[in-house]
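Working notes, beginning with the structure itself.
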């Protein structure tokens, strides 16, 4: 078996797979997002590091209840993108992990985006100029926290911290590097222009390596903490977004992957990068001649949690998550598609694709006396998906028509949400028999690194059975699609009218 370790924004999951993708055991550990100041979003790297160790240990404990001799062939790692941690010469964090949602560098991004440097950087790095990018965060730190900036030995992400502690090396996979805004996706090296704009040297960043780069864990204490043998193999893997496409099999023209976790994204796979003049889409590298083109939205499951905590819970104890989910689903099902004209702009944490506007705000529009809490709940979910549909339109304009969507992430467990997705896009949406697509994508990279014949073990199964490997297929309703299109037209015009007010 192989363990896919998926380091996400809301939680870290360790998932043990057999070579055909069956889940043998899984364990997830959640942690909070810290919001010390308006627009500042961080996480404690020590908490996430501990979650990585403990989640693998727990999966091994579960597996050994069935087979005491079982060991992983390797552990392969997926991670969220755009994180920044400043560390000293001993590898100790000087900052929390500044995550993708952070907006502190908003004014810097706005100024850089429309400059000659900004346009050139987008073409070379494939990463839109936005506060999410490590490039903009570094400029902010240099200008606003110079003491920490000057003390920093390295600037790294959470996966780099994990690998440094396990192996004593600073390495970053090409996939994560390509989302920093600092990496030339054409030359596969740190961009001299980006380094100059950020005010750092290449030596202050990790060494870029391919996604199948493998290391052997020789620290007996860490191995014991993870319940794995000394000498266990680790594969560096890639970013959660790129690996989600690989994990669901969205690697052919016209096939898109939609992931909705804390945030959301829609992506397709392409043999070449596709930076466009409007700078709406990213081009992230997975492997040579394999790029993931698409866009991420800031506001996915974070909206559901906001609605749950503020509008579903009374003044007393908070609802359990499964209770909140059941209540939310019941409310959504009680309202017809289109929410009787109520429209929600879901930009509670600003927005990334397709507008890349960190100043965007959330708006409920069209409120009337007949609208109830249930209408607000459904409009919230529809607005979340309208944001992804906006990116899908930009994607089709640049990479061609999409005919099939694979959905994954935590909210892919919500039947009404997935049906809304199918109806809004007017395309079939497929849910594979595991929604842990990023972890499975990491496991696939791990098997490739080990030389396991994927064609025999996995790909043949997917190609032969095709859609039959899916657990569920959601077919779109043309009637609902027509209703959604009318609301979406207003949704899009509302943003354009309000963007200057934001």
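In the working numbering, the protein residues as written are 140 to 641. Backbone N, C-alpha and C define an ideal beta-carbon position, used for all residues, glycine too.
Cβ-Cβ distance between residue i and residue j below 8 Å
i: residue 436; j: residue 492; result: yes
i: residue 163; j: residue 195; result: no
i: residue 572; j: residue 536; result: no
i: residue 350; j: residue 425; result: yes
i: residue 404; j: residue 433; result: yes
i: residue 336; j: residue 291; result: no
i: residue 522; j: residue 485; result: yes
i: residue 153; j: residue 202; result: no
i: residue 173; j: residue 181; result: yes
i: residue 623; j: residue 567; result: no
i: residue 487; j: residue 510; result: no
i: residue 580; j: residue 317; result: no
i: residue 655; j: residue 526; result: Outside the shown range of the chain, which is 140 to 641, sits residue 655, and nothing can be said about it.
i: residue 443; j: residue 467; result: yes
i: residue 377; j: residue 583; result: no
i: residue 319; j: residue 274; result: yes
i: residue 251; j: residue 237; result: no
i: residue 431; j: residue 408; result: yes
8 Å contact criterion, which residue i and residue j should meet: CB distance rounded
i: residue 542; j: residue 393; result: 4 Å
i: residue 170; j: residue 300; result: Wrong, their Cβ atoms sit about 14 Å apart, outside the cutoff.
i: residue 244; j: residue 267; result: Wrong, their Cβ atoms sit about 13 Å apart, outside the cutoff.
i: residue 324; j: residue 422; result: 6 Å
i: residue 396; j: residue 384; result: 5 Å
i: residue 414; j: residue 262; result: 5 Å
i: residue 353; j: residue 372; result: 6 Å
i: residue 555; j: residue 472; result: 6 Å
i: residue 265; j: residue 412; result: 5 Å
For residue i, three-class secondary structure by DSSP
i: residue 183; result: coil
i: residue 153; result: strand
i: residue 423; result: strand
i: residue 528; result: helix
i: residue 405; result: strand
i: residue 188; result: helix
i: residue 410; result: coil
i: residue 194; result: helix
i: residue 162; result: strand
i: residue 294; result: strand
i: residue 380; result: helix
i: residue 629; result: helix
i: residue 236; result: strand
i: residue 387; result: helix
i: residue 545; result: strand
i: residue 253; result: coil
i: residue 246; result: helix
i: residue 576; result: helix
i: residue 584; result: helix
i: residue 429; result: strand
i: residue 607; result: Low confidence applies to residue 607: its pLDDT is 45, below 50, so where it sits in the model is not reliable, and the reading given next is rough at best. Looking at residue 607 - three-state DSSP - the assignment turns out to be helix.
i: residue 592; result: coil
i: residue 440; result: helix
i: residue 522; result: helix
i: residue 311; result: strand
i: residue 640; result: coil
i: residue 634; result: helix
i: residue 264; result: helix
i: residue 601; result: Residue placement at residue 601 is flagged as unreliable, the pLDDT there being 47, under the threshold of 50; the coordinate-derived value follows with that caveat. In the structure shown, residue 601 sits in a helix (DSSP, three-state: H, G or I).
i: residue 284; result: coil
i: residue 554; result: helix
i: residue 417; result: coil
i: residue 271; result: coil
i: residue 177; result: coil
i: residue 511; result: coil
i: residue 231; result: coil
i: residue 458; result: coil
According to DSSP, residues forming a beta bridge with residue i
i: residue 612; result: 569
i: residue 398; result: 404, 547
i: residue 435; result: 404
i: residue 169; result: 150
i: residue 143; result: 154, 215
Residue i CB to nearest heavy atom of the ligand ATP below 7 Å
i: residue 348; result: The ligand ATP is absent from the structure shown, which contains no ligand whatsoever.
What are the uninterrupted segments assigned as beta strand (DSSP E) that are 3 or more residues long and contained completely in the region 463-507, given in chain order?
482-485, 501-504
Every unbroken alpha helix (DSSP H) within the region 313-376, with a cutoff of 4 residues, ordered by chain:
313-316, 331-337, 359-365
Mind listing, in chain order, the continuous alpha helix (DSSP H) runs of no fewer than 4 residues lying wholly within the region 198-228?
none
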